[in-house]
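J.: In numbering that gives the first Met the number 0, the protein residues as written are 0 to 571. Positions of the beta carbon are idealized from the N, C-alpha and C atoms, including for glycine. Have a look at this one.
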Amino acid sequence: MTSSYFLSSTKQYATTPEPLFFLLRRRHHLPRHRVLSLLSSDIGEAHFPRKPSTFSLQLLRPSQRLGKPSFATTISSSFEGEEEGEQRQDEVPEGMAEAFHISSSTATAISVLIAVAVLSFPLLMKSQLGAGAPLKSRALTYATLLFGFYMAWNIGANDVANAMGTSVGSGALTLRQAVVTAGVLEFSGALLMGTHVTSTMQKGILVAGVFQGKDSLLFAGLLSSLAAAGTWLQIASYYGWPVSTTHCIVGSMVGFGLVYGGPGAVFWTSLARVMSSWVVSPLMGALVSFVVYKCIRRFVYSAPNPGQAAAAAAPVAVFVGVTAISFVAFPLSKSFPLAVAQALACGTAGAVLVNRIIWKQLGHLLDKAGSSGMEPKEAPALNQNVGFLTEIAGPKGTQLEIVYGVFGYMQVLSACFMSFAHGGNDVSNAIGPLAGALSILHGGAGGAEIVIPTDVLAWGGFGIVAGLMMWGYRVIATIGKKITELTPTRGFAAEFAAATVVLFASKLGLPISATHTLVGAVMGVGFARGLNSVRAETVREIVASWAVTIPVGAFFAVVYTWILTKLLSYVF
């Protein structure tokens, strides 16, 4: 392709909302490297000023008035007109280098550094590899820690999409920003909130008494469960299928218990509750997200001034959300009146903070919208008899900038919370069996409660972050782009609904899966726009991967246990 051809072919796209990268690939069938080369050249910069597709997390400064676009302007430019159903043809990155826009040599160097750290850090964990322990025990402990890391790595690669997938898909965060933010918060959550006491028999699936006095077999079964769950998670992550890490570890332990302990080794009622979540979780997520998104369209989009309506609704939503989360999930006091007062104080602080951020960053747009009134071309079609299910056209221009700006901030806030909570909760899927195996090696009781050292929790957190960095983009692309097209309002509705369902269902003891709930929530906002807005092929692949998770995990666990028992027979 010559430079003159490039200039003539791109001038016609100067006003299109579709990103130029995908537009040139689709219309001119150019190879990926050629498009990237053209867009990064002086020709592309001089003759085609590119629109960024996402906004930055940086707080905006007065310099934006000198010509730099605000994040509201930037994010709305990517979605102009999409509320009426337009869809962008996003592509999934083919590797870590492309996902983070770094060179392949840099990506290789990062992978090598992570591998060196994985092999080196266990040697520094004095609580596990003490100098006085026998060589055989130290070698087995080292191998056990690597098994735990493998499971944690795959949790990061697959399950962290629960927190960040919708934010990346809607443009609220770039993939690089999402990985850095999630990495910090996942590790912090695992270290600060990860349970320090766990039971060897994870999730109440296995009957502890069946394996009394069979420490060697139980040790092999726990390691096999970690390896089996990690194997299936890695396969699912490779294809971009979001599957439940809890179901993976449950399926693996069921396979081990059934074959090596008999039918009496499994709590079948617990297994039935887990399997029922395949239906309960996505249905509840879809229903709540459908209602939330319809409320946004009904009460924000149909308002005389959608931007100001969004700015007014945001602090209220934050107050309700933070208050509920503080009271239900993280009660600060055992005294009911004091816990309520503290939750209300946290909710008020969150609402005030969000309100100040919105007015600081979007105040000039809100003042413009309030003083000059709505331009006729930006005003939604007002109808005094607008119903809850009535299709309402989205705002345009300045109003769209404000609405997407507000919900962009809201979505980043909710994603940060979900990421922190996920690190504290799901690290147990890797650390629980790992702690049980380490306890057996150190002479502890197989079925008793086990105290988890801080360095083991940090080890699990490191595994989650490493998996997120190296492979997390695959499932993030599925959640954020392949099921249905997301904007900040749709992404916030899905994330808020998923967090609400998981929080209250878990507190009520209902069988729930965070992954299944979020996938259902994303489908719910798609259904709110019409059945054709949900990509049926992607949904079929995801549901099929859910159905085989427990059987496949069980199969791998049986095979790995057979192999490990043969190997360990020469050690014990």
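(1) Using alpha carbons as the reference points, say which of Ile-357, Ser-438, Gly-431, Ile-449 lies closest to Val-411.
(2) According to the neighbour-count rule (16 or more other Cβ atoms, all chains shown, within 10 Å of its Cβ), is His-100 buried or exposed?
(3) For Leu-517, which residues does DSSP report across the bridge?
(4) Count the other C-beta atoms from every protein chain shown that fall within 10 angstroms of the C-beta of Phe-335, then say buried if there are 16 or more, exposed otherwise.
(5) Quick check on this structure: which residue in Met-469, Phe-555, Ser-269 has the alpha carbon closest to the alpha carbon of Gly-155?
(6) With a threshold of 16 other CB atoms inside 10 Å of the CB of Tyr-237, please say whether the residue is buried or exposed.
(7) Once DSSP output is grouped into helix, strand and coil, what is the label at Tyr-569?
(8) Check for me: the alpha helix (DSSP H) holding Val-278 runs from which residue to which?
(9) Based on the DSSP secondary-structure assignment, which residues constitute the bridge partners of Leu-205?
(10) Please go through the segment 297-368 and give each complete alpha helix (DSSP H) segment of 4 or more residues, from N-terminal end onward.
(11) How would you call Asn-572, buried or exposed, if buried means at least 16 neighbouring beta carbons within 10 angstroms?
(12) The alpha helix (DSSP H) with Pro-432 in it runs from where to where?
(13) When DSSP labels each residue in this structure, what does Pro-550 get in the three-state scheme?
(14) In whole angstroms, give me the CA-to-CA distance for Lys-376 and Lys-395.
(15) Do you know offhand how far Gln-304's Cα is from Ala-171's?
(16) Whose C-alpha, out of Leu-221, Val-242, Thr-560, Tyr-292, is nearest the C-alpha of Ser-276?
(17) Is the beta carbon of Val-327 closer than 8 Å to that of Phe-503?
(18) With C-beta atoms as the reference, is Ile-511 less than 8 Å away from Val-524?
(19) Find the nearest neighbour of Leu-563 within the set Leu-225, Gly-250, Ile-478, judged by alpha-carbon distance.
(20) Suppose contacts are defined by Cβ-Cβ distances below 8 Å. Is Thr-516 in contact with Trp-240 by that definition?
(21) Roughly how many angstroms lie between the CA atoms of Ala-309 and Val-521, to the nearest whole one?
(22) What span of residues does the alpha helix (DSSP H) with Asn-161 cover, start to end?
(23) In the DSSP assignment, the alpha helix (DSSP H) including Ala-226 goes from what residue to what residue?
(24) Would you grab the beta carbon distance between Ile-248 and Asn-428 for me? Rounded to a whole angstrom, and I think it's under 8 Å.
(25) I want to know whether the segment 554-563 touches the segment 227-237 - three or more CB-CB distances under 8 Å.
(26) My guess is that Gly-575 and Met-283 are in contact by the Cβ rule of under 8 Å, so how many angstroms apart are they, rounded?
(27) Tell me whether the beta-carbon of Leu-190 lies closer than 8 Å to the beta-carbon of Gly-471.
(28) I need the boundaries of the alpha helix (DSSP H) containing Lys-135, first residue and last residue.
(29) Spatial neighbours of Val-178 within its chain, please: CB distance less than 7 Å, with the 5 preceding and 5 following residues excluded, ordered by chain position.
(30) Is the segment 481-498 touching the segment 281-298, taking contact as three or more C-beta pairs under 8 Å?
(31) Helix, strand or coil for Lys-481, going by three-state DSSP, please let me know.
(32) Give me, in chain order, the residues of the same chain whose beta-carbon lies closer than 7 Å to that of Cys-415; leave out the 5 immediate sequence neighbours on both sides.
(33) Report the CB separation of Thr-397 from Ala-436 in whole angstroms; it is logged as a contact under 8 Å.
(34) Identify, in the order they occur along the chain, each residue of the same chain with its Cβ nearer than 8 Å to the Cβ of Val-426, setting aside the five sequence neighbours on each side.
(35) Output the distance between the C-alpha atoms of Lys-67 and Gly-404, rounded to the nearest integer angstrom.
T.: On the basis of the coordinates in this document:
(1) In the sequence shown, counting from the first residue as 1, residue 411 sits at position 412. That would be Ile-357, whose Cα lies nearest to the Cα of Val-411.
(2) Numbered from 1 along the sequence shown, position 101 holds the residue referred to as residue 100. With fewer than 16 Cβ atoms within 10 Å of its Cβ, His-100 is classed as exposed.
(3) Locating residue 517 in the sequence shown gives position 518, counting from the first residue. Per DSSP, none; premise fails for Leu-517.
(4) For this step, residue 335 is matched to residue 336 along the sequence shown. Exposed.
(5) As a first step, residue 155 must be located in the sequence shown, where it is residue number 156. Comparing Cα positions, the closest option is Met-469.
(6) Counted from its first residue, the sequence shown places residue 237 at position 238. Answer is exposed; the Cβ neighbour count stays below 16.
(7) Along the sequence shown, one-based indexing puts residue 569 at 570. The answer is coil: DSSP assigns Tyr-569 none of H, G, I, E or B.
(8) Looking up residue 278 in the sequence shown gives position 279. It spans 267-295 - the alpha helix (DSSP H) in which Val-278 sits, taken as one unbroken run.
(9) Along the sequence shown, one-based indexing puts residue 205 at 206. Leu-205 is bridged to Val-265.
(10) 305-327
(11) For residue 572 there is no data in the structure shown, the boundaries of the chain being 0 and 571.
(12) Taking the first residue of the sequence shown as 1, we reach residue 432 at position 433. Where Pro-432 is concerned, the enclosing alpha helix (DSSP H) stretches over 427-440.
(13) Numbered from its first residue, the sequence shown carries residue 550 at position 551. Helix.
(14) By 1-based counting over the sequence shown, the position of residue 376 is 377. By 1-based counting over the sequence shown, the position of residue 395 is 396. Since pLDDT at Lys-376 reaches only 38, below the 50 mark, its modelled position is unreliable, and no value is offered.
(15) What you label residue 304 is simply residue 305 of the sequence shown in a count that begins at 1. What you label residue 171 is simply residue 172 of the sequence shown in a count that begins at 1. Note that residue 304 is Asn in the sequence shown here, rather than Gln. Approximately 22 Å, taken between the alpha carbons.
(16) For the purposes of this step, residue 276 is taken as residue 277 along the sequence shown, with counting starting at 1. Per the Cα distances, Val-242.
(17) Numbered from its first residue, the sequence shown carries residue 503 at position 504. Numbered from its first residue, the sequence shown carries residue 327 at position 328. Taking 8 Å as the Cβ cut-off, Phe-503 and Val-327 qualify as a contacting pair.
(18) For this step, residue 511 is matched to residue 512 along the sequence shown. For this step, residue 524 is matched to residue 525 along the sequence shown. Contact flag unset, no.
(19) For this step, residue 563 is matched to residue 564 along the sequence shown. Per the Cα distances, Leu-225.
(20) What you label residue 516 is simply residue 517 of the sequence shown in a count that begins at 1. What you label residue 240 is simply residue 241 of the sequence shown in a count that begins at 1. Going by C-beta atoms, Thr-516 is not nearer than 8 Å to Trp-240.
(21) Indexing the sequence shown from 1 puts residue 309 at position 310. Indexing the sequence shown from 1 puts residue 521 at position 522. Rounded to whole angstroms, Ala-309 to Val-521 spans 21 Å at the Cα level.
(22) The residue you call residue 161 lines up with position 162 of the sequence shown. Here the alpha helix (DSSP H) through Asn-161 covers 160-169.
(23) As a working mapping, residue 226 is identified with position 227 in the sequence shown. From DSSP, the alpha helix (DSSP H) with Ala-226 extends over 214-237.
(24) Residue mapping note: residue 248 aligns to position 249 of the sequence shown, counting from 1. Residue mapping note: residue 428 aligns to position 429 of the sequence shown, counting from 1. About 5 Å separates the two Cβ atoms, so the contact holds.
(25) yes
(26) Because the chain in this structure spans residues 0 to 571, residue 575 falls outside the shown range and cannot be described.
(27) In the sequence shown, the residue the question calls residue 190 occupies position 191. In the sequence shown, the residue the question calls residue 471 occupies position 472. Going by C-beta atoms, Leu-190 is not nearer than 8 Å to Gly-471.
(28) One-based indexing of the sequence shown puts residue 135 at position 136. That run of the alpha helix (DSSP H) goes 134-157.
(29) The residue given as residue 178 occupies position 179 in the sequence shown. So the list reads Leu-467, Met-468, Gly-471, once near-sequence residues are dropped.
(30) yes
(31) Your numbering for residue 481 matches position 482 in the sequence shown. In the structure shown, Lys-481 sits in a helix (DSSP, three-state: H, G or I).
(32) Counted from its first residue, the sequence shown places residue 415 at position 416. Within the same chain, Cys-415 has close Cβ partners Thr-180, Leu-184.
(33) As a position in the sequence shown, residue 397 is number 398, starting the count at 1. As a position in the sequence shown, residue 436 is number 437, starting the count at 1. Wrong, their Cβ atoms sit about 59 Å apart, outside the cutoff.
(34) Start at 1 with the first residue of the sequence shown, and residue 426 comes out as number 427. These residues qualify, in order along the chain: Ala-151, Ile-154, Gly-188, Ala-189, Gly-193, Leu-456, Gly-459, Gly-460, Ile-463.
(35) Numbered from its first residue, the sequence shown carries residue 67 at position 68. Numbered from its first residue, the sequence shown carries residue 404 at position 405. In this prediction, Lys-67 has a pLDDT of 43, which is less than 50 and means its spatial position is unreliable; what the coordinates show is noted afterwards. Between Lys-67 and Gly-404, the C-alpha separation is close to 16 Å.
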